[in-house]
Ligand SMILES: Nc1ncnc2c1ncn2[C@@H]1O[C@H](COP(=O)(O)OP(=O)(O)OP(=O)(O)O)[C@@H](O)[C@H]1O
Ligand SMILES: [Mg+2]
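Chains as they are written, first to last, in the working numbering: chain A, 274 to 524; chain B, 0 to 270.
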């Protein structure tokens, strides 16, 4: 990976948003995104960081096709309808369906009836398959949401702060689980996070967004292989990240 | 040994109290019905009149009409009409209600229509339906359904407004088909509103069906009541009424309430 390589040479996912704004309820409009351009390559793990309210979730909603009112262009991976596995900021499991049903409902027809034992095992959900989401802790519910996203064998995995508001031990455990499953079957990942250490631990590249109206300030490559990113290495990387993006010292 | 028997006897005790608790309300209901019958009987013997027959006469009329096959026949006809118009009203009313609840602009435009139709007296709709479409089954059932539809619209519109858009987004991202969306996303959220609409629907519809039958059909409980009204046979009128009310109560107990319980299983487990 070379910083000089033109962005999007072999891109799987290209985002070029010239302008996106919301009508404010009291009239007028707030501009959320302006000239936000970036690309993600095949099987690249990219983390998106930026100040709260800068439009990260909005960007994800645009690329998921949940919001069409914007100026710009989004290219998704593949020619056919790409399969996107999404973990929302909240787990969003159907409360009236069991964990297993929730995961199975997400499966495309070609995968229906797929054996999910391995996935549930890997995420530590084997005993919870018949539980309703209301009976799960937040950590377990997030695992179930992750299981749903991974079960469809996605072309693109989109994660919106999937480990936020968990205790650090649980969050760390889930990060390791995610990495484990991802390295078994690598796929393109775009993940939003507030946690720089988390980004450094997981990502190939970190894209930094500006405050609203948001655009890309720069990106930060993490070249060290994941297995050698221990706590010491991560904090060293964090220091050089802060040197490159001093304005981001706050987050 | 002694402690074991103590345990078992105390268990028996709790079982007994539990049984008493669950049978208590039932016994109260039975007692209340018996007292009503006695009061009715006493007042009918104190003030004898053809217009106010004692309960035994009503039962006798009921037995006679049942033996002749009249009550089962007309009851079945009426129940059929109740069922068809109920289904029609629920399906059409839900579709319109959900549409309005999720399209605010259409809702603002059509809201006056809904309010207007909510306030048209049932009798006017029935009479107009018979005049415009003739004295036939379609007009009869259509009129009953039309009476109920505005209520269903209002309830289901409320339900649609309360829909959680997060689930809609999730279903879109995971490419749920239209059927899966309906079954797993929409209906479970609308279930309480559907239950409320059907409950009030049944009780409204079976009353209106009788009027429709009285005005323009030649069978059904409403027609029979009209017939005995002209013969001034109050015992038979009450016999038909009683039979019909009993059937509706049985439907309520055996169908509506178990259904409501079944579909909220997850909620009770989650609690
Ligand atoms: N549906 C909407 N209508 C109006 N304004 C909105 C809407 N959705 C988002 N916004 C505004 O757009 C801005 C960006 O929101 P967004 O949710 O994308 O932020 P975010 O970067 O994901 O923040 P956070 O890190 O807190 O999750 C916010 O200021 C928000 O108020
Ligand atoms: Mg967000």
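Cβ coordinates follow ideal geometry from the N, Cα and C atoms, glycine included.
- For residue 225(B), the uninterrupted alpha helix (DSSP H) run begins and ends at 220 to 229, by DSSP.
- Within the stretch 339 to 372 of chain A, those residues whose Cβ lies closer than 9 Å to any Cβ of chain B are, in chain order, 339, 354, 356, 357, 358, 359, 361, 363, 365, 366, 367, 368, 369, 370, 371.
- About 7 Å separates the beta carbon of residue 321(A) from that of residue 464(A), a gap short enough to meet the 8 Å contact definition.
- Excluding the 5 residues flanking it on each side, residue 425(A) has same chain C-beta neighbours closer than 7 Å at 356, 358, 379, 380, 381, 384, in chain order.
- If you look at residue 465(A), you'll find it in the beta strand (DSSP E) that goes 461 to 465.
- Within the same chain, and ignoring the five residues on either side of residue 423(A) in sequence, the residues whose Cβ sits closer than 7 Å to its Cβ are 358, 392, 454.
- What residue 378(A) touches in chain B, judged by beta-carbon distance under 8 Å, is 173, 175, 179, 183, going in chain order.
- In this structure, the straight-line span from the alpha carbon of residue 150(B) to that of residue 141(B) is close to 15 Å.
- Annotation: residue 143(B) to residue 84(B) spans about 6 Å, alpha carbon to alpha carbon.
- Going by C-alpha positions, residue 204(B) is about 26 Å away from residue 28(B).
- Chain B places no beta carbon closer than 8 Å to that of residue 519(A), leaving this residue out of the contacts.
- Under the three-state reduction of DSSP, residue 487(A) is assigned to strand.
- For the C-beta of residue 106(B), not a single chain A residue is nearer than 7 Å; the gap to the nearest is close to 18 Å.
- Below 8 Å, too few C-beta pairs join the stretch 342 to 354 of chain A and the stretch 484 to 502 of chain A to call them touching: fewer than three.
- From the listed residues 39(B), 124(B), 68(B), the smallest Cα separation to residue 57(B) is found for 39(B).
- In the structure shown, residue 309(A) falls within a strand segment according to DSSP collapsed to helix, strand and coil.
- What residue 427(A) touches in chain B, judged by beta-carbon distance under 8 Å, is nothing: the nearest beta carbon there is about 10 Å away.
- Taking 7 Å as the cut-off, the C-beta of residue 433(A) counts as close to a heavy atom of ligand 2.
- Under the 8 Å Cβ criterion, the stretch 63 to 70 of chain B counts as touching the stretch 237 to 251 of chain B, having at least three qualifying pairs.
- In the three-state reduction of the DSSP assignment, residue 404(A) falls in the coil class.
- Where residue 345(A) is concerned, the enclosing beta strand (DSSP E) starts and stops at 344 to 348.
- When the Cα atoms are used, residue 96(B) and residue 195(B) turn out to be separated by approximately 14 Å.
- Exposed is the label assigned to residue 42(B), since fewer than 16 other Cβ atoms lie within 10 Å of its Cβ.
- Of the heavy atoms belonging to ligand 2, none sits nearer than 7 Å to the Cβ of residue 332(A).
- When C-alpha distances from residue 136(B) are compared across 81(B), 24(B), 159(B), the shortest belongs to 81(B).
- For the options 78(B), 90(B), 166(B), the alpha carbon positioned closest to that of residue 209(B) is the one of 78(B).
- Taking 7 Å as the cut-off between beta carbons, none of the residues of the stretch 127 to 153 of chain B comes near chain A.
- Scanning its chain for C-beta atoms nearer than 6 Å, with the 5 sequence neighbours on each side dropped, one finds no residue around residue 185(B).
- The C-alpha of residue 477(A) lies about 15 Å from the C-alpha of residue 286(A).
- Three or more pairs of CB atoms, one per stretch, sit closer than 8 Å, so the stretch 477 to 486 of chain A contacts the stretch 305 to 315 of chain A.
- For residue 321(A), the uninterrupted beta strand (DSSP E) segment begins and ends at 318 to 322.
- 8 Å or more divides the Cβ of residue 146(B) from the Cβ of residue 91(B).
- In this structure, 332(A) is the residue among 332(A), 351(A), 350(A) with its C-alpha nearest to the C-alpha of residue 342(A).
- Contact with chain A is found for residue 165(B), since one of that chain's Cβ atoms lies less than 8 Å from the residue's Cβ.
- Residue 432(A): member of the beta strand (DSSP E) spanning 429 to 433, first to last residue.
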